[in-house]
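In this note's numbering, the protein residues as written are -18 to 53.
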């Protein structure tokens, strides 16, 4: 049988959350926001404008993903 001699409780709800967790969350949010902005801007372009950029409509998701997540 196990016994507990000492129980420690945090002083506040957020005292156990490391700052790195918040930094990671803010980084993920910023990347997602960049993805959505890029996707929305490319979606608003006409087919001719996309062709001038060397893109077509089927490439918009991939290009937005690359802009946000692969180019660091």
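Beta carbons are placed, not taken as given, at the ideal position from N, Cα and C, and that holds for glycine.
Here residue 6 is exposed, its C-beta having fewer than 16 other C-beta atoms within 10 Å.
In the structure shown, residue 52 falls within a coil segment according to DSSP collapsed to helix, strand and coil. Between residue 48 and residue 15 a beta carbon distance of about 7 Å is seen, short of the 8 Å cut, so the two are scored as contacting. Residue 35 and residue 1 have their C-alpha atoms spaced approximately 39 Å apart.
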